[in-house]
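Quick notes on the structure that follows.
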Amino acid sequence: MLKEIRKVHPEAELRFWCDRGFYKQASATVARFDETIPVQRIIAGKLRRYNHLSFFQQMTVPGLVVKNIRDIFLVGVGTLQSFFKLIFWRPDVVFTKGGFVCLPVGLAAHWLRIPLVIHDSDAHPGLTNRILARWANQIATGAPLEYYPYPKSRTHYIGIPVASELAPVDDQAIHAAKEKWGVPTDKPLVVVTGGGLGATRINDTIVALRAKLQGLTSVILVAGAGQYDELKAKLPENNADFQLYAFVTEMPSLLTAADVVVARAGATTILELAALEKPTILIPNVKLTGGHQVKNAKVYSDAQAVTIVNEDEMLAQPDLLLAAITTLLSDKKAARDMAARFHAFARPNAARDMAALIISAIRAK
1421 MLKEIRKVHP EAELRFWCDR GFYKQASATV ARFDETIPVQ RIIAGKLRRY NHLSFFQQMT
1481 VPGLVVKNIR DIFLVGVGTL QSFFKLIFWR PDVVFTKGGF VCLPVGLAAH WLRIPLVIHD
1541 SDAHPGLTNR ILARWANQIA TGAPLEYYPY PKSRTHYIGI PVASELAPVD DQAIHAAKEK
1601 WGVPTDKPLV VVTGGGLGAT RINDTIVALR AKLQGLTSVI LVAGAGQYDE LKAKLPENNA
1661 DFQLYAFVTE MPSLLTAADV VVARAGATTI LELAALEKPT ILIPNVKLTG GHQVKNAKVY
1721 SDAQAVTIVN EDEMLAQPDL LLAAITTLLS DKKAARDMAA RFHAFARPNA ARDMAALIIS
1781 AIRAK
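Under my numbering, think of the first position of the sequence shown as 1421, with each following residue one higher.
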């Protein structure tokens, strides 16, 4: 999307703000596009609400209550920090994606009367976007409008902007990508990713299945920074059959090499894989607020565009994940047909349309 903005306004001054936990990954990602764009940290807090616990159950967990009270204070601090940063920079528009770090930034933009554009990727609107939507000049969504309660006059179904490299590829491109990643070109490759911070339960299951998977496929596990050192101590050095990474900056290249992808059901991840037309196994995190990953996954499962593995069942029976992988690798036609249905959800012009919506907010001002 930054590329699309630069096409229209080459002189545009861009800045990227994020929370401390995402700073390292964000810096690497933004630097791939333009290393002169400043990446800055904003103090932020989150309201922890877990889908598997009722409101009253959550109130009985002292550690959870204390963290939520602390983070309400952090939201206030982050809002003041954002307020002063925006006073000194005074941008023409602020764009937020709905994460908890976006709340203080969006509130500060509203107070300073700076045009605000928000994007809601998930099929289940998050708390931050539900708050900011009342003041946003324009609202973009990743799924069709019927999933959202936003005012129709300001809301637009854009899809989710993904990297331009994410597009269906032929066997030759897959072969070249496998060579780049040092895996056998005559053997299938399964890429497993739990997102930027990783997914401990998926990581542990893949490691437990490693011996069974070795005879079937090569595996590349992107474990996230949090668990990487722990897993690295248990596993041999990276080799042709099994590779472990904390974080991958060249994710489009890695996903291009994959024959099957195992992933969480975050909205952006889903649409990236749909754009690539990859046979995909989704393992939604059932504990997240509002069950938004479960709702995301259901949209595509209902269309028979992905395979879903229930996380709780997988933890009890790890071979359920092995069976899902085996099925996709053994029936290539069924896997291709499923991937084609998945690709039908891709919106290749989402980045261009999102950039146009952001620029229109400036012009309206």
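Using N, Cα and C, we set each Cβ at its ideal position, and we do this for glycine too.
Taking residue 1492 and residue 1518 to be in contact with their CB atoms under 8 Å, please state how far apart those CB atoms are, rounded to whole angstroms. So it is not a contact: roughly 19 Å between Cβ atoms.
Considering only DSSP beta bridges, list what residue 1575 is partnered with. 1559
Three-state secondary structure assigned by DSSP to residue 1638: strand
Could you name the residues of the same chain whose beta carbon sits closer than 6 Å to that of residue 1721, not counting the 5 residues immediately before and after it, in chain order? 1728
Can you grab the Cα-Cα spacing for the pair residue 1494 / residue 1774, in whole Å? 30 Å
Nearest candidate by alpha-carbon position, reference residue 1426, set 1781, 1783, 1776, 1784: 1776
Taking all protein chains shown into account, decide if residue 1638 is buried (16 or more other Cβ within 10 angstroms of its Cβ) or exposed. buried
Are the beta-carbon atoms belonging to residue 1626 and residue 1601 less than 8 Å from one another? no
Beta-carbon proximity of residue 1746 to residue 1636, cut-off 8 Å: yes
Please report how far the alpha carbon of residue 1632 lies from the alpha carbon of residue 1661, in whole angstroms. 12 Å
For the candidate residues 1682, 1587, 1535, whose alpha-carbon lies nearest to that of residue 1717? 1682
When DSSP builds the beta bridges, which residues end up paired with residue 1544? According to DSSP, which records beta bridges pairwise, residue 1544 is partnered with nothing at all.
When you compare each of 1733, 1564, 1667 to residue 1621 by their alpha carbons, which one comes out closest? 1733
Which runs of the beta strand (DSSP E) fall wholly inside the segment 1637-1722 and span at least 3 residues, in chain order? 1638-1642, 1662-1665, 1680-1683, 1700-1702
Starting from the Cα of residue 1671, find the closest Cα among 1582, 1646, 1738, 1740 and give me that residue. 1582
Determine the direct distance from the alpha carbon of residue 1599 to that of residue 1677, and round the result to whole angstroms. 9 Å
Could you check if residue 1657 is buried or exposed, using at least 16 other CB atoms within 10 Å of its CB as the buried criterion? exposed
Does the pairing of the segment 1452-1462 with the segment 1681-1700 give three or more beta-carbon distances under 8 Å? no
Whole angstroms are fine: how far does the CA of residue 1784 sit from the CA of residue 1755? 46 Å
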